[in-house]
Structures are given as structure tokens and as C-alpha cells.
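Novice:
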Amino acid sequence: MSSTSYMDFVGIDSRIERVESLLCIGSLDVRIVGIWGMGGIGKTTIAKAVFKRNLAQFESYHFFANVREESEKHGSLHLQSELLSKICGKGNFNRRTPNFGFTYATSRLSRKKALIVLDDVNSSMQLQELLVDSRHLFGQGSKIIVTSRDRQVLKNGVDEIYEVERLDHDEALQLFSVNAFNQNHPFQEFMQLSKSVIYYAKGNPLALKVLGCFLCEKRKQEWEIALNELRRTSNVGIKNILRLSYDGLETEDKEIFLDIACFFKGEDVYFVEKILDGCGFYVDLGINVLIDKSLITISNNKLWMHEMLQEMGWEIVQEESIEEPGNRSRLWHHEDVYHVLTKNSGTQAVEGIALDLSQTRELHLTSKTFKKMYNLRLLKFHASDFEDFCKVHFPDEGLTFHSNKLRYLHWYMYPSKSLPSNFCPENLVELSLPRSNVEQLWEGVQDLVKLKRIDLSYSEYLIRIPDLSNAKELESLNLKWCSNLVEGPSSIQKLNKLEYLNLESCKNLSCLPSTIASTLVKTFNLVGCSNLKKFPEIAGNVEELFLNNTGLEVVPSSIGCLTKLVSLYLTSCKKLRSLPSDICKLKCLRMLNLCGCSNLDSFPEIWEPMEGLKYLYLANCRKLSCLPNSIGNLKNLTELDLKGTMIKELPSSIEHLTGLDQLDLQKCKNVGSLPDGICNLKSLRNLNLYGSPNLDKLPENLCNLESLEELDISGSAIKQLPSSIIQLKNLAKLLFRVQDSAGLLQIPTALDRLSSLNMLVLSGNNFETLPASIELLPHLCTLDVAYCRRLRSLPELPGSLEFLYAQECTSLETVLNSKHFSEIDYMHESRNFKRFAFTNCIKMDQKTCRSILIDTEKRIQVVAAASDQLYNEMGSVKIHLPGSEIPLWFHNQNMGSSVSTQLHSRCSQLRGIALCVVLEFEDCYADRGLIVRCKCHFKPNNGGCSDLNFNLDNWLEWYYKSTPFKSDHLFVWDDPCFEANIVDEDWFGKYSEASFEFFPLDFEENLLQDCKVKKCGVHLLLHERIASRNYNSDEEEEPFPKRLKCLQD
79 MSSTSYMDFV GIDSRIERVE SLLCIGSLDV RIVGIWGMGG IGKTTIAKAV FKRNLAQFES
139 YHFFANVREE SEKHGSLHLQ SELLSKICGK GNFNRRTPNF GFTYATSRLS RKKALIVLDD
199 VNSSMQLQEL LVDSRHLFGQ GSKIIVTSRD RQVLKNGVDE IYEVERLDHD EALQLFSVNA
259 FNQNHPFQEF MQLSKSVIYY AKGNPLALKV LGCFLCEKRK QEWEIALNEL RRTSNVGIKN
319 ILRLSYDGLE TEDKEIFLDI ACFFKGEDVY FVEKILDGCG FYVDLGINVL IDKSLITISN
379 NKLWMHEMLQ EMGWEIVQEE SIEEPGNRSR LWHHEDVYHV LTKNSGTQAV EGIALDLSQT
439 RELHLTSKTF KKMYNLRLLK FHASDFEDFC KVHFPDEGLT FHSNKLRYLH WYMYPSKSLP
499 SNFCPENLVE LSLPRSNVEQ LWEGVQDLVK LKRIDLSYSE YLIRIPDLSN AKELESLNLK
559 WCSNLVEGPS SIQKLNKLEY LNLESCKNLS CLPSTIASTL VKTFNLVGCS NLKKFPEIAG
619 NVEELFLNNT GLEVVPSSIG CLTKLVSLYL TSCKKLRSLP SDICKLKCLR MLNLCGCSNL
679 DSFPEIWEPM EGLKYLYLAN CRKLSCLPNS IGNLKNLTEL DLKGTMIKEL PSSIEHLTGL
739 DQLDLQKCKN VGSLPDGICN LKSLRNLNLY GSPNLDKLPE NLCNLESLEE LDISGSAIKQ
799 LPSSIIQLKN LAKLLFRVQD SAGLLQIPTA LDRLSSLNML VLSGNNFETL PASIELLPHL
859 CTLDVAYCRR LRSLPELPGS LEFLYAQECT SLETVLNSKH FSEIDYMHES RNFKRFAFTN
919 CIKMDQKTCR SILIDTEKRI QVVAAASDQL YNEMGSVKIH LPGSEIPLWF HNQNMGSSVS
979 TQLHSRCSQL RGIALCVVLE FEDCYADRGL IVRCKCHFKP NNGGCSDLNF NLDNWLEWYY
1039 KSTPFKSDHL FVWDDPCFEA NIVDEDWFGK YSEASFEFFP LDFEENLLQD CKVKKCGVHL
1099 LLHERIASRN YNSDEEEEPF PKRLKCLQD
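Per this note's numbering, residue 79 is the first one in the sequence shown, and the count goes up by one each step.
#1: Can you give the Cα-Cα distance for K807 and L657, rounded to whole angstroms?
#2: With H488 as the anchor, note down where its beta strand (DSSP E) starts and where it stops.
#3: For the 8 Å Cβ check, are there 3 or more pairs between the segment 323 to 331 and the segment 427 to 437?
#4: Going by DSSP, what residues sit across from R109 in a beta bridge?
#5: By alpha-carbon positions, which one of T827, S841, S871 and N843 ends up nearest to L854?
#6: Does DSSP put E95 in a helix, a strand or coil?
#7: Which one or two residues does DSSP pair with S976 in a beta bridge?
#8: Who are I239's beta bridge partners in DSSP?
#9: What is the rounded straight-line gap between the Cα of L643 and the Cα of K692?
#10: Got a sec? Which residues, its chain only, sit under 8 Å from H460 by beta carbon, not counting five neighbours each side?
#11: Locate the beta strand (DSSP E) running through F268, then write down its first and last residues.
#12: Suppose the cutoff is 6 Å on Cβ atoms and the five residues either side in sequence are ignored; what does the same chain contact list for R765 look like?
#13: Buried or exposed: where does G169 fall if 16 or more other Cβ atoms within 10 Å of its Cβ makes it buried?
#14: When DSSP labels each residue in this structure, what does A820 get in the three-state scheme?
#15: On the CB-based measure, 16 or more other CB atoms within 10 Å of its CB, does A820 come out buried or exposed?
#16: Here's a check: name, in chain order, each residue in its chain whose Cβ is nearer than 6 Å to the Cβ of P876, leaving out the five neighbours to either side.
#17: Does N627 pass the burial test, meaning 16 or more other C-beta atoms within 10 Å, or should it be called exposed?
#18: Which of the three DSSP states, helix, strand or coil, is assigned to A885?
#19: Given this structure, state the Cα-to-Cα distance separating I303 from D545, to the nearest angstrom.
#20: If I measure Cβ to Cβ from F479 and keep anything under 7 Å in the same chain, skipping five residues before and after, which residues do I get?
#21: Starting from the Cα of L667, find the closest Cα among T649, I684 and E689 and give me that residue.
#22: Can you say whether K1093 is buried or exposed, counting buried as having 16 or more other CB atoms within 10 angstroms of its CB?
#23: Considering just the uninterrupted stretch of the beta strand (DSSP E) at C1089, what are its terminal residues?
#24: Would DSSP call N609 helix, strand or coil?
#25: Which residue wins for smallest C-alpha separation from C699, given the options K721, E683 and A549?
#26: Which two residues bound the contiguous beta strand (DSSP E) that contains W382?
#27: If we ignore side chains and look at the alpha-carbon of each, how far apart do N366 and T375 end up?
#28: Cβ atoms of N603 and K585: under 8 Å apart, would you say?
#29: So for F1066, helix, strand or coil by DSSP?
#30: Flag this pair as yes or no: are the beta carbons of V599 and E582 separated by less than 8 Å?
#31: Sorted by chain position, which residues of the same chain lie with C-beta nearer than 6 Å to P264's C-beta, five sequence neighbours on each side aside?
#32: Start and end of the beta strand (DSSP E) containing Q204?
#33: Is any heavy atom of the ligand PLP found at a distance shorter than 7 Å from the C-beta of V111?
#34: On a CA-only basis, which of S978, L1098 and V1010 is nearest R989? Give me that one, please.
#35: Write down every uninterrupted run of the alpha helix (DSSP H) in the segment 911 to 958 whose length is 4 residues or greater and which is fully enclosed by it, in chain order.
#36: Examine the Cβ distances between the segment 1078 to 1089 and the segment 958 to 967 and report whether three or more of them are shorter than 8 Å.
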């Protein structure tokens, strides 16, 4: 990025380079740099530029804008959670771990190289809560930028503070000229005037930009008037300069500016334009003027303004009446609003009120609260944190409302059964009463000539919609979850400008008008209207039609007239039996979803091509037994979901679906074979045949599915895989889980030809061994051979393997020494974690068990010695197998569930802890998910610091069926102690004694009563103790006392 690329970024190159230098971009250090300076100096601009230029170098990144505003609205805890979800990814918290607590999850899931910007932080508390222990929370090389106007906020929370320099004379002149003359320098005749003007801006970019826009295309005489105005001000500050631009606006543009500053910053442009247009403003012209003056901007269709401009707007309003808020035109601060509403001090001066109910106390209004506010245009009671109880209380006699100028009424949880009897909606543009107690809005017919939007969503007491015949401009009607509404208003058939109609979950709605005349309706939502049996006639411009969970029995043939329909949802319409053949006339239809239509027994012939249809979902249409052969006319279909249907065979025309990407035949219990033509689907990537018990073979020419990446034939009756399967070069997942059937007796020997394979699931099959070629699969990550009760041996496995599931392999005797087990993968850090499960493999001989445990020790030592960055947040190994003895290399071991050890001051750097337990299970125990928790307690030297407590956990994932443990089992794992390192990177050397207590828990973290810890052990992975030694499975381990002495020495 260079300053020449962005006209507004004059002089930014040197500032970017300075911040990057302070951040030490490219180093492995976690660095926090503060950007400090006055408002408008360019802090956010510089932070954005650095962020955009460097984000490609980081695993994760997030620009957190407006921290001050967001913190005031939602609190710091909400911001902390949002920040972590952005950095970690929303799915990370549940992908591998149960919910062990906030700190535990973040310590393990957030160690990514991250780039974070926290923009506009205004308190040390915000900084502390958002960046708590960030040096250990984020991975090596992470960089954090914090912008603030307050140096004190930054002083104790960052490594370096960069004070943004004012623009020098040449930079200031260039930026001013860009905005005043649309070129990099002034016109010659304006040169001296320009230099005089920029003197007052003092190098502040916002002031220069606003001044330049203000003076653009003005005559010399007007420039001189503006300069004289600045000279008359004894102490020219940034806000005085900004005020000059405001004072130069026309009266109406000033009103629009103040409305945006007080009520509409961050709101959708179309919404704001609609409301302000209803106020009688020339809003298109006004907004363009404000943009041209650099007083507002539009980003992602939302209106924004610089915080200093917003503060200036607030001050202008406050100056209207310093002492009494009720004499001001606009009220937005919750304390001011509370004062006016409780003291009844509002006057005719008040034009707008906005109150965030999440920030205020309970309000008890009187009947006269709004009596004098007869110029009120805007009234908004909202809840940024979605309060679930009503804070505003009306008097028994209700409110009186005397303003007939109201354009916008938004009242979250409006407490009354109706609007005030003297309420006048004739100028109303938007009426929004979400989660209200309203039963009906008003009696009779009202003059609603300006009304464009009504939102009564979640008003569960609403029983009647008034006559809306006069609402000729109405565009949107939202009645979602108005569960007591029985009848849709007949007047909606006359609303010719209606674009959006939402009646979702109006579960008692049984009747709608026979027609809806508006040709503008694009979205019609009737989801969950379970009593609605008949669908109205609607015009042909609808694009989205949601009819899920309705009581429809028939889709009218007139649906063929909806020529612009893109999405049609009919999921779980349990009374629907068929579709009209006219559905093939829907040329624009892209999505047709009929999942769960349990009485649908046929699908119509496709007599005409439907070029637009890409997604056809028929899952769980339990009476559907066949598809028409004309299905082949859906040439552009990419996804076909038939799972849970009664389909017996696929039509031969399936081979014409050349664009098909996914075909789901899961739990199609009647499918006995597949047509050979299915192998002509060159684009097919996913073929799911799970749970097809009558399917006994696959087509021989399976190799023609050249794009196939995932094949699931679990639960089928297949006894032998076709020889051509090894030619599927792109196959990444092969799943053949068998239960209660014979399964495969042999696996193809040339398995290594499946070079893309990363998951191989063969659980429950009857083979005795796997081919040696499995070692040559370079990407294999998961191997599942659980419940293969005839499996006698496992060959050498590939180094890429992360997960090995061998539960209930009751004949397994040998597992070959893996020469790859202790290798480090420097390219893929996640592969440095291994989880191997040998539950109830009771025939494994002692040599095999000893070999597994020696390999485990070696891997733990090698990974711990390699590097913190390579030490996966989960550790390096989690393994369990039958056994009742703690390996001797665990120097600290004990009977029972706890063990303790003395620490030595010279042992200063801990790279991790290896842990081991023997669990004893009662006969009644069945695997309900198992967590082995170790509570660690460290006592300090000489009482110099507080005790340190943290948890180290091992857990077993849920398996597809319960697995009882039939004997004692040994669990071994390691942990890098990231959670402890969060507290203090050099914590270990400050403690003299450590104790460890182990607990078996279920996945809800309840203590297991039918499982107990029989023995336990720990091994401290000290930096100075990790040394190479010979690992030979044929040799006995050294006696325990001799091995223990090396630590004591």
C-alpha cells in the first residue's frame, strides 16, 4: 500500500513503516503497540493500513472497530467472547473438547499467530479485559495494535506507544489541496490563502479534510470570511474548525447531520433515507452534501461519521439548553432521557428521543409524559442486549400522545395492549413494536398514507391486525411469532407496494386472503403456520417462498406462474402428497426443498428443462419409492438428497446429471443396486450409501468417478470392494463401518494407490490384517478399525496418522514398532498430536504393550524438546490400552489418585508434564464419554507468590456405540501447561512443591461412581532433563529406584 494509491492517505507510508517497526513484523515475539494521538489525527487510518498490508502473514486476524461504543452497549465480557470467537473460529470450542471452562478452552484453542486491532479504546479496564495475558493466549509472532486518545490507557498495557505525528507543512498542504482543489497542490491564486487555512488545522488530517471540502469551489471572498471567523476565535481547536463546516450548511442539512449524529450512526442507508424523507427533508441531496463535506461516510450501505464529528453534533444539541434536557431538540443519553421522562419536563422543543433500555433503570411513566412533546418526530426505545423483561411501565389510565408529527416509532417490549387512544399515525413511516404486549394496534381505519414498514414480531398476544387499506406505501409487514393471530388481514390483498411478508410461526393462523395483488413481493414466509391449509394466489415476482411446516395438502398449479421464484421451501409439510407438473415451468428455481414431507408419494415428471435447479432435497420423504426417468432433464443439478426415502432403484437417466456433485442415498433401505450409468457422473465428489442393508455390491467401473472424494458404504451388505476402487486418485474419505454383518474379509493390497486418502473407517469388518502398503499413504490422518474382532496385527503405519481407533479389537496381538511415531512434522503442526485407543485389546502381548509405551515416552520427550510452537495445544500424545502398571519412566508415581513431588530451584524451565493413570472399572460401567482430570497444585518458595492451580485433562471422544471397559486400563498423555504459562511465563522456578490429583468424570463433568483411579504418575518435562537415550522395546526398563535417582541428583 502506498500513499499514492489512496488520495486520503497523504503521508501515511512513513507512519505505516514506523508502526511496523515497533511491532517487529516478522519476529516471533508477541508485540502490543499503542497508537496514540488526538481525535482526527489518523490513528484508525494508520491502524487499518497496517492491518490490510500485513494480514496475509497471519493465521487469523480481526479489526475490532469502535471498542468504546461497543463496550458501552454490550460490556467487555461480550467483546472478549466476540474477539475469541473471531480468532479461534466459532467451531473450535466444540470440535475436540468438552466445555472445560473459558480459560481452559482459550488457552488451548487460541494459540494462533494472530493480527488484532482494537480501535478506540478509552479505558484501562477495556484493555485489560480484552488483552488479558495475550502474550500467552496467542501464538508466537502475534501482533496487536491498540488505538486510543488517552496515553494513560496505553501506558501499562502495551510494549511501545507510537504518537501519531501531525502532518508537516507539505503533507498538510497536499491533503488540504486534494479536498479543496481535487489535486495535490493549490491553484496559484489560492496558494497564500491555503497556507493561512492549514495553519489553523495544526496538521490534523480530519480538520484539513473537512476544511478542504468546506472551501471547495468557494470564491476568494468566502475563503476570507472563513479565515476571519477562525481568527476571531481566540483558541482555535479541532472542534472549532469542524464547527465552521457545520455552520456553513443549509438549515435542512444541519438537521439531517444532527439526526445522524444523535440517532442514525451505523444504520442502514435506505432505512435512514426512508425515515428522513418522511420528515420532509430532501434527504438524497442532504446526504450527498454531507458526504461531499466529509462530515459523513457510507461503508457497507451503512452511515458513519467520525467520533469527533458526532461529539460536535452532540455538543451543538446540548448548547440548546445547558441545564434542562427537556428543552433540547434531541435526547439520546440514557440519563437525560430518564430525567425528562420521569420529571415530565419534555417540551415542544423535543423532536427525537432514543433510549437504550439495557442501560437505564426502570421507568414509571405518567399519562402526561409526552403531553407537551407535540413536535416529536422520532421515538426509539431499543435494547442493545435484548432485555427479557419490561422496564417501562404505563399508568393505569394509559398515555396521552399529542404529536401528529411522529415518523418513526420503535418500542421494544411495548407494555400496553394497544397504542394510546389519541395516537395519530398519519405521518408515521415506520412502526416497530417487537416483543410487545399489543393485542391490537387501534380501532377502526387510520390514515396511513406514509407508512412503509410494520414490525410486530414476537408479539404473542396480538390477535388482530387493523385494516391497512390506506397504507398504500407499505413495503414490509413482519408478524413473525405472533402465535395468537388467527386470521391474516384481508386488507393485505390491496397493498400493491408490499415487498416483504413474514408470518413465520403464526401457528394459529388458519386463513389468508385468497389473493395477494402486489407485484413487488419478493419474500413470503409462512414457516410454521401449521394450521394453514390453503396457499393464496400471489403475483409472479416472488423470489423466496418459505412454506415449511405448514398444513398445505396441495401446492396449486398456479405456482407455475411464479416465473422469478428462486427458492421454494416445503420442508416437513406432512400433509402434502404431490407436486403439480407445472413446477417444471419455474425456470429460475435454484432450490427445491421437500425434506420431511412424509406423505409425498411421487415426484412430477420433468417435461421441460429446469436449467436453474441446482439443489433438490427429498430427504425423509418416506413414501417416495421412485423418481421419474425424466429426472435426467435436470442437467445442472449439483445436489440430490434422497436419504431416508423408499427408493428401490435410481432411474437410468441419472447418468445425464453430469453436473451432480453430491448424491445422498443414506438409509435408503430398499436400494439393492446402483445403475452402471452412475459411474458416468464425472463431477460427483460425495456418494453416501450409509445404512443401505440390501446393497451388496458396487459397480465394477467405479474408477470412472474421477472426482470422487468421499464414499460412505457403512451398513451395507457389501462383502468385497471392486478392484477398480484403488484407481480413485481423489478419494479422501472411505467409510465402511459394519455392524452385525460379515463385512470385508480382505482389504485391497495396493491401498497405497489411494494417494489422497486421509480417513479410512473400517470398523466392525472381518479382515485379519491390513496390507503393508498402508504405510505409504502420505495423507492418512484417521484410521478406524474398532470392533474388527478378527484383526490380529497392525502393520507399520504412516507418519501422518493422528487418530487410531482400535477399540474392541479382541484378537489384536501385535502392533509393529512405528519408525514414524517420534517424527516431527514441521510443515503441519497439528500432526504433532497423536491419539491412539486400544480399549479392550486384551490379547496384545507384553512386548507390543511395552513397545507402544516406549514409543509414547520417546514422542513426548522429542516433541517437548523441539519447540513450543510445535507443541500442539493438546499435547503430543493421548493413548490408552489395557494395563495395570505405571511405566517406570514416570519418576513420580503412587497408589491411589494423587501424587506429589518436591521441586528444585535449578529446574527453572518446564516444557510440559506427562501424566499417567490406571483406571479400574466396575462391571456395570459403560462408556458415556470419559474425562480424566488432573488438578495441579503448586506451592511457592518462601511464600513469595500465591498458590497456582490449574487442570490438565484427557478425554475420550464419543464413539458410535457404548464400549464397556473389561479390565484395568492405562491412560497416558502429556500437556504443555499453556494454562499455567498464561499466569506467568517464568512461573515454574518460583515453586517448591507440586501435587497432582486425578478424577474420572463423565462429559457433563460429574464424578464417575463406577470407575476409580487405582494408580497415578507424573513426569515433569524439564528443559535441562530432556536428553536422548536408547529406546529399545526388547530391553527391560531400569528398576524404579534407579530411575528416580536421576531426578533427585
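Ideal Cβ positions, reconstructed from N, Cα and C, are used throughout, including at glycine. Nothing here was measured: the structure is a model prediction, and the numbers come from that model.
Specialist: According to the structure shown:
#1: By one-based count along the sequence shown, residue 807 stands at place 729. By one-based count along the sequence shown, residue 657 stands at place 579. So the alpha carbons of these two residues sit roughly 41 Å apart.
#2: Position 410 of the sequence shown holds residue 488. It spans Y486 to W489 - the beta strand (DSSP E) in which H488 sits, taken as one unbroken run.
#3: no
#4: The count along the sequence shown starts at 1 and reaches residue 109 at position 31. In DSSP, R109 forms a bridge with K221.
#5: Looking up residue 854 in the sequence shown gives position 776. The residue with the shortest Cα to Cα distance from L854 is T827.
#6: Position 17 of the sequence shown holds residue 95. E95 falls in the helix class under three-state DSSP.
#7: Position 898 of the sequence shown holds residue 976. Its beta-bridge partners are E1075.
#8: For the purposes of this step, residue 239 is identified with residue 161 of the sequence shown, where counting begins at 1. Looking at the DSSP assignment, I239 forms a beta bridge with G112.
#9: Working through the sequence shown from its first residue, we reach residue 643 at position 565. Working through the sequence shown from its first residue, we reach residue 692 at position 614. In a straight line, the C-alpha of L643 is about 13 Å away from that of K692.
#10: Position 382 of the sequence shown holds residue 460. So the qualifying residues of the chain are A432, L433, D434, L435, H488 and Y490.
#11: The residue labelled residue 268 in the question sits at position 190 within the sequence shown. It is not in any beta strand (DSSP E) - F268 carries neither H nor E in the DSSP assignment.
#12: Reading the sequence shown from its first residue, position 687 is the one you call residue 765. Checking the displayed sequence, the identity of residue 765 turns out to be Leu instead of Arg. Answer for L765: L741 and L789, listed in chain order.
#13: Taking the first residue of the sequence shown as position 1, residue 169 is located at position 91. For G169, the pLDDT reaches just 42, beneath the cut-off of 50, and the residue's location in the model is therefore unreliable, although a value from the coordinates is still provided. Exposed is the call here.
#14: In the sequence shown, residue 820 corresponds to position 742, counting from 1. Three-state result, A820: coil.
#15: Here residue 820 is taken as the residue at index 742 of the sequence shown, counted from 1. Looking at its Cβ environment, which holds fewer than 16 other Cβ atoms inside 10 Å, A820 is exposed.
#16: Within the sequence shown, numbered from 1, the residue matching residue 876 stands at position 798. Once the five neighbours on either side are set aside, the close Cβ partners of P876 are E853, L855 and L858.
#17: By one-based count along the sequence shown, residue 627 stands at place 549. Looking at its Cβ environment, which holds 16 or more other Cβ atoms inside 10 Å, N627 is buried.
#18: Numbered from 1 along the sequence shown, position 807 holds the residue referred to as residue 885. Reading the sequence as shown, one finds Gln at residue 885 and not Ala. It is coil, neither helix nor strand.
#19: For the purposes of this step, residue 303 is identified with residue 225 of the sequence shown, where counting begins at 1. For the purposes of this step, residue 545 is identified with residue 467 of the sequence shown, where counting begins at 1. Going by the C-alpha atoms only, they are around 57 Å apart.
#20: Position 401 of the sequence shown, counted from the first residue, corresponds to residue 479. So the qualifying residues of the chain are F448, P498, N500 and F501.
#21: Position 589 of the sequence shown, counting from 1, holds the residue named residue 667. Among T649, I684 and E689, the Cα nearest to that of L667 is on E689.
#22: By one-based count along the sequence shown, residue 1093 stands at place 1015. K1093 comes out buried.
#23: Within the sequence shown, numbered from 1, the residue matching residue 1089 stands at position 1011. Element bounds for C1089: C1089 to L1100.
#24: Sequence index remark: in the sequence shown, residue 609 carries index 531 (1-based). Here N609 sits in coil by DSSP.
#25: What you label residue 699 is simply residue 621 of the sequence shown in a count that begins at 1. Looking at the Cα atoms, K721 is the closest of the given residues.
#26: Residue 382 sits at position 304 when you count from the first residue of the sequence shown. Note, W382: beta strand (DSSP E), K380 to W382.
#27: Position 288 of the sequence shown, counting from 1, holds the residue named residue 366. Position 297 of the sequence shown, counting from 1, holds the residue named residue 375. When rounded, the distance between both Cα atoms is 10 Å.
#28: For the purposes of this step, residue 585 is taken as residue 507 along the sequence shown, with counting starting at 1. For the purposes of this step, residue 603 is taken as residue 525 along the sequence shown, with counting starting at 1. No, Cβ-Cβ distance for K585 and N603 is not below 8 Å.
#29: On the sequence shown, position 988 is the one that residue 1066 refers to. In this structure, F1066 counts as helix in the three-state DSSP scheme.
#30: Position 521 of the sequence shown, counted from the first residue, corresponds to residue 599. Position 504 of the sequence shown, counted from the first residue, corresponds to residue 582. For V599 and E582, no; Cβs fall outside 8 Å.
#31: Counted from its first residue, the sequence shown places residue 264 at position 186. Closer than 6 Å at the Cβ level, and outside the excluded window around P264, lie S255 and S272.
#32: Against the sequence shown, residue 204 aligns to sequence position 126. Looking at the DSSP string, Q204 is not in any beta strand (DSSP E); the run it does join, the alpha helix (DSSP H), is S202 to L208.
#33: Summarising the ligand content, the structure contains no ligands, and the ligand PLP is consequently not present.
#34: In the sequence shown, residue 989 corresponds to position 911, counting from 1. Nearest option by C-alpha distance: L1098.
#35: 924 to 944
#36: no
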